[in-house]
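Visitor: Please read through the structure below; I'll follow up with questions.
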Amino acid sequence: MQDAAMKHSETAGCTQATNAAGATWVVRTHKIEYFKPAFAGDRIVVATWVADFRRVQSLRKYKIMRPADEAVLAEGETNWVFVDAQKGTLRSIPKEVKETFEPLPKEIQVDITES
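Residue numbers for the sequence shown follow my numbering, so the first one is 1298 and each next one is one higher.
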């Protein structure tokens, strides 16, 4: 999940905007609910999206799926807080950082069918 979040953040330009602001993101809470097992050799897809921004925090959602049978294996969420990289204190998220993502609904449909 962390790898998917980091790749999404990098691709969207959030990592660069965060670095330019002299800040970093720190996990405040993390939740995951498992529905079905995955097995060795399974191809797994992780969908991730930003669901919400608040003053100093952001909610990121995850859906972990197996395309072969379209099974949702797990869902999770991470509440991230925006922190000054030098002082280690909470900071308001600048608009330049928020603008890198368009928050999506807390639940989304993801097409994982294999072609």
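We put the CB at the ideal spot given by N, CA and C, even for glycine. Note that the structure is predicted; figures quoted are calculated from it, not measured.
1) Taking the alpha carbon of Arg1262 as the reference point, which residue from Asp1349, Asn1376, Ile1341 has its own alpha carbon closest?
2) In the structure shown, what three-state DSSP assignment does Val1304 receive?
3) For the beta strand (DSSP E) containing Gln1354, name the first residue and the last one.
4) Measure the Cβ-Cβ separation of Val1343 and Tyr1359 and say whether it is below 8 Å.
5) On the premise that Thr1315 lies in contact with Thr1308, defined as a C-beta separation below 8 Å, what is that separation, rounded to the nearest angstrom?
6) For Val1324, does the count of other Cβ atoms within 10 angstroms reach 16, so buried, or fall short, so exposed?
7) According to the Cβ coordinates, are Ala1302 and Thr1375 closer than 8 Å?
8) Taking DSSP as the reference, what is the three-state secondary structure of Ala1344?
9) Any idea if Thr1345 is buried or exposed, counting beta-carbon neighbours within 10 angstroms, 16 or more meaning buried?
10) For Asp1366, write down the residues that DSSP places opposite it in a beta bridge.
Guide: According to the data block:
1) With the chain covering 1298 to 1412 only, the question about residue 1262 has no answer from this structure.
2) As a working note, residue 1304 is residue 7 in the sequence shown. It should be noted that the sequence gives Lys, not Val, for residue 1304. In this structure, Lys1304 counts as helix in the three-state DSSP scheme.
3) Within the sequence shown, residue 1354 is the residue found at index 57, counting from 1. 1354-1363 is the extent of the beta strand (DSSP E) around Gln1354.
4) Numbered from 1 along the sequence shown, position 46 holds the residue referred to as residue 1343. Numbered from 1 along the sequence shown, position 62 holds the residue referred to as residue 1359. Cβ atoms of Val1343 and Tyr1359: closer than 8 Å.
5) Counting from one through the sequence shown, the residue named residue 1308 turns up at place 11. Counting from one through the sequence shown, the residue named residue 1315 turns up at place 18. The Cβ separation is near 14 Å, so there is no contact.
6) Walking along the sequence shown from the start, residue 1324 turns up at place 27. Exposed.
7) Position 5 of the sequence shown, counting from 1, holds the residue named residue 1302. Position 78 of the sequence shown, counting from 1, holds the residue named residue 1375. It is a contact, given that the beta carbons lie within the stated cut-off.
8) Your numbering for residue 1344 matches position 47 in the sequence shown. Strand.
9) Here residue 1345 refers to the residue found at position 48 of the sequence shown. Burial call: buried.
10) Looking up residue 1366 in the sequence shown gives position 69. BP columns for Asp1366 are empty, so no partner.
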